[in-house]
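Structure first, commentary second.
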Amino acid sequence: MSAILATHKHQDGPRVVALLRPLTKHPILRERILTQDVLETLVQLLDTIVEKSKGSFGQAMDGLNCLLQCEDTRLTLVEKLGANPPDSDQSRLSQILEVDDSHLLIAALRMVLTLARIPEARAVCSVVKPRIKKLATKHEGLVGQLAVEILLALHEQNDRNQLNIHNTRVRVNLASVLVRLNLERHDPADGEGRSVDPGQKILRHLFGLDATQLSDDQKRLIGELKKAVEKGNARERTAATMTLLKLCETAIIRTQLCEIDMLDVFISQLRRDMKEFLGDNEDLPKRIVGMLRLDYFDDAVGPVEGFQIFGDFMQHADLREKIEDYKITEVLNTKLGKGKPKEIRTSLICLDIFRSFDQNGPWTAELVDRSLKRLSDQEWKTQKAGVAILSALAQTGME
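FYI, the numbering for the sequence shown is 1166 to 1564, going by the numbering used here.
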């Protein structure tokens, strides 16, 4: 294996790297194959891949991640990652994190997260903290989330600036990390004697989840999240809301949120977000008119009448104006002209709802004009439809 890896450019080199994952699952094979010489040669191949062969970068990070989880190879690799390659003034770990491609960066960060959880590797990881902080504040999605998890794993109790909770993207990434964690009260080790994830310990300390009384710093942090829900943009509000809802699983946080009237803030946010959704959704007016045309609002959703929902929609003036662009008057004109009870009922309820907001809306004049044109037609059926429309308008009290 050492000979194959030493060729560097040989096509079997990357294949050997790809085999590292299954190899690490067998202690006897690890002991016999992954000798010190092989590890030395593997590190040399890693240097070549990082410098020249990005096509094998993901496989190399995956294999390295697996080896870091094995006690018999861990410390050697920690030492090598902290050292500088020949003719370089940067550590191997620093060079690995210089990649810009998001897929390669994710592979590298997964490996660094494993490394950050190794106590002996904290000094090695401290060198790349500035890069990790930058990724946490500049990226969302998996890159940013992994960066936040790494910072949590490396968190120092006396370093308040390490996790910049004031940064919008950090809060967004932290919210995603929190959602995946189990925040129920825990012991220092789980039932099988394994240590709890250090990142989770830091989060519990950060928010005071195991405290009997929240400190001023912890209350201030919750206050920051409340401000983000109240005054932030849509992304900030969503992230802060996700965080607070997750923290609500803990009794001491629920008590604090009740004391600062957080429930009222949540309700206000829902109303605001719903209004923004109604205003920004370009398809909604068209869909509402389409549902009216098909009499969908005649049905009920559980105990809620369909036209009650329609009435709630029409409370928004912007939405009422927009549905006029989708031939709402023509739909009502057609329904009234058919003279069928169900069609007339749909139209009358619809007109009543419109009248409750605007007694002399544009649809009134248009419907009267259309009905008069029908009355002047020579066909009896057309005249009858005109009479039906005027009768319907009279029933709604429209003048």
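For glycine and all other residues, C-beta sits at the position ideal for the given N, C-alpha and C. Since we're looking at a predicted model, the values are computed, not measured.
**Study point:** Residue of Tyr1461, Leu1459, Leu1386, Met1407 minimising C-alpha distance to Asn1338
**Key:** Minimum Cα-Cα distance from Asn1338 among the listed residues Tyr1461, Leu1459, Leu1386, Met1407 corresponds to Met1407.
Exercise for review: Name the one or two DSSP bridge partners that Glu1486 has.
Suggested key: DSSP output for Glu1486 lists no bridge partner at all.
Exercise for review: For my contact list, Val1454 and Ile1493 are in at a C-beta cut-off of 8 Å; report their separation, rounded to the angstrom.
Suggested key: Confirmed, about 5 Å.
Practice item. For Gly1228, count neighbouring C-beta atoms within 10 Å of its own C-beta (all shown protein chains included) and say buried if the count is 16 or more, exposed if not. Key: With at least 16 other beta carbons inside 10 angstroms of its own, Gly1228 counts as buried.
**Study point:** Same chain, Cβ closer than 8 Å to Lys1219, neighbours up to 5 away in sequence not counted
**Key:** Cβ within range, chain order: Val1264, Asp1266, Leu1269.
Review point. Does DSSP put Glu1236 in a helix, a strand or coil?
Key: DSSP, reduced to helix, strand and coil, places Glu1236 within a helical segment of the structure shown.
Exercise for review: Whole angstroms is fine: what's the gap from Leu1428's alpha carbon to Arg1336's?
Suggested key: A direct Cα-to-Cα measurement between Leu1428 and Arg1336 gives close to 20 Å.
Exercise for review: Please work out which residues of its chain come closer than 7 Å, Cβ to Cβ, to Leu1300, disregarding the five sequence neighbours upstream and downstream, and give them in chain order.
Suggested key: In chain order, Val1308, Gly1309, Ala1312 place their CB closer than 7 Å to the CB of Leu1300, counting only its own chain and leaving out the 5 sequence neighbours on each side.
Practice item. Work out the CA separation of Glu1321 and Ala1354 for me, nearest whole Å. Key: Interpretation of Ala1354 is limited by its pLDDT of 47, a score under 50 that renders its predicted location unreliable; the figure taken from the coordinates is listed afterwards. Rounded to whole angstroms, Ala1354 to Glu1321 spans 20 Å at the Cα level.
Practice item. Please check the pair Arg1239 and Leu1246, which I expect to be a contact at CB under 8 Å, by giving their CB distance rounded to whole angstroms. Key: Rounded, the Cβ-Cβ distance is 11 Å, inconsistent with contact.
Review point. How many angstroms separate the CA atom of Ile1214 from the CA atom of Lys1298?
Key: Straight-line Cα distance between these residues: approximately 25 Å.
Exercise for review: Taking the CB atoms as reference points, tell me whether Leu1497 and Leu1449 lie closer together than 8 Å.
Suggested key: In this structure, Leu1449 does not lie closer than 8 Å to Leu1497 by Cβ.
Review point. Who are the near neighbours of Phe1475 in its chain, counting only those whose CB is closer than 6 Å to its CB and skipping five residues on each side?
Key: Excluding sequence neighbours, Phe1475 sits near Phe1462.
Practice item. Using 10 angstroms around the beta-carbon of Gln1383, count the other beta-carbons present and answer buried if the total reaches 16, otherwise exposed. Key: Classification for Gln1383: buried.
Practice item. Could you tell me which uninterrupted alpha helix (DSSP H) segments, each at least 4 residues in length, are contained entirely in the stretch 1193 to 1255, listed from first to last along the chain? Key: Fully enclosed alpha helix (DSSP H) runs of 4 or longer: 1201 to 1216, 1222 to 1233, 1236 to 1247.
Point to revise | Simplified DSSP assignment, three categories, for Glu1414 | key: Coil.
Point to revise | CA nearest to the CA of Leu1422, picked from Arg1385, Asp1254, His1191 | key: Closest by C-alpha distance to Leu1422, out of Arg1385, Asp1254, His1191, is Arg1385.
Check your understanding: Are Gly1223 and Ala1272 touching if we call contact CB-CB under 8 Å?
Key -> Annotated as proximal: Gly1223 and Ala1272, with beta-carbon spacing under 8 Å.
Check your understanding: So, are the CB atoms of Ala1281 and Ala1318 less than 8 Å apart?
Key -> Yes, they are a contact pair.
**Study point:** Pairwise C-alpha distance: Gln1434 and Asp1426
**Key:** In this structure, the alpha-carbon of Asp1426 lies about 13 Å from that of Gln1434.
Point to revise | Cutoff 8 Å; reference Leu1343; Cβ partners in own chain excluding five residues on either side | key: Sequence-distant partners of Leu1343 (beyond 5 residues in either direction) whose C-beta falls short of 8 Å from its own C-beta, in its chain, are Leu1368, Met1407, Thr1408, Lys1411, Leu1412.
Exercise for review: Using beta-carbon positions only, say whether Gln1234 and Thr1279 come within less than 8 Å of one another.
Suggested key: In contact: Gln1234 and Thr1279 (Cβ atoms closer than 8 Å).
Check your understanding: Are Lys1391 and Val1430 close, meaning C-beta to C-beta below 8 Å?
Key -> Between Lys1391 and Val1430, the C-beta gap is smaller than 8 Å, which places the two residues in contact.
Practice item. Could you tell me the distance, in whole angstroms, from the CA atom of Asp1212 to the CA atom of Ser1291? Key: Distance between the alpha carbons of Asp1212 and Ser1291: 21 Å.
Practice item. Measure the Cβ-Cβ separation of Leu1316 and Val1293 and say whether it is below 8 Å. Key: No. Outside cutoff.
Review point. Helix or strand or just coil, what does DSSP make of Thr1408?
Key: Helix.
**Study point:** Outcome for Lys1500 when other beta-carbon atoms lying within 10 angstroms are tallied against a minimum of 16
**Key:** The residue is buried, with at least 16 neighbouring Cβ atoms inside 10 Å.
Check your understanding: Can you name, in chain order, every residue of its own chain whose Cβ lies under 6 Å from the Cβ of Glu1508, other than the five neighbours on each side?
Key -> Only Lys1500 meet the Cβ criterion.
Practice item. Please go through the same chain and pick out, in chain order, the residues whose beta-carbon is closer than 6 Å to the beta-carbon of Ile1514, but skip the five residues on each side of it. Key: Apart from the 5 residues on each side of it in sequence, Ile1514 sits with its Cβ closer than 6 Å to the Cβ of Phe1472 in its chain, given in chain order.
**Study point:** Simplified DSSP assignment, three categories, for Gly1397
**Key:** Coil at Gly1397, not helix or strand.
Review point. If you count every other CB in all the chains shown that lies within 10 Å of the CB of Ser1221, and 16 or more means buried, which is it?
Key: Buried, because 16 or more other Cβ atoms sit within 10 Å of the Cβ of Ser1221.
Point to revise | Alpha-carbon spacing of His1481 relative to Leu1274, whole angstroms | key: In this model, His1481 and Leu1274 are separated by some 47 Å (Cα to Cα).
Point to revise | Cβ shell of Val1552 (< 6 Å), same chain only, five flanking positions each side left out | key: Non-local C-beta neighbours of Val1552 in its own chain, meaning closer than 6 Å and more than five positions away in sequence, are absent.
Exercise for review: Following the continuous alpha helix (DSSP H) through His1304, name the residue where it begins and the one where it ends.
Suggested key: For His1304, no alpha helix (DSSP H) segment is defined, and its DSSP state is neither H nor E.
Practice item. Label Glu1564 either buried or exposed according to how many other C-beta atoms from any shown protein chain fall within 10 Å of its C-beta, with 16 as the threshold for buried. Key: Confidence at Glu1564 is low in this model, with a pLDDT of 48, below 50, so its placement is unreliable and the value that follows should be read with caution. A residue is called buried once 16 or more other Cβ atoms fall within 10 Å of its Cβ, and Glu1564, having fewer, is exposed.
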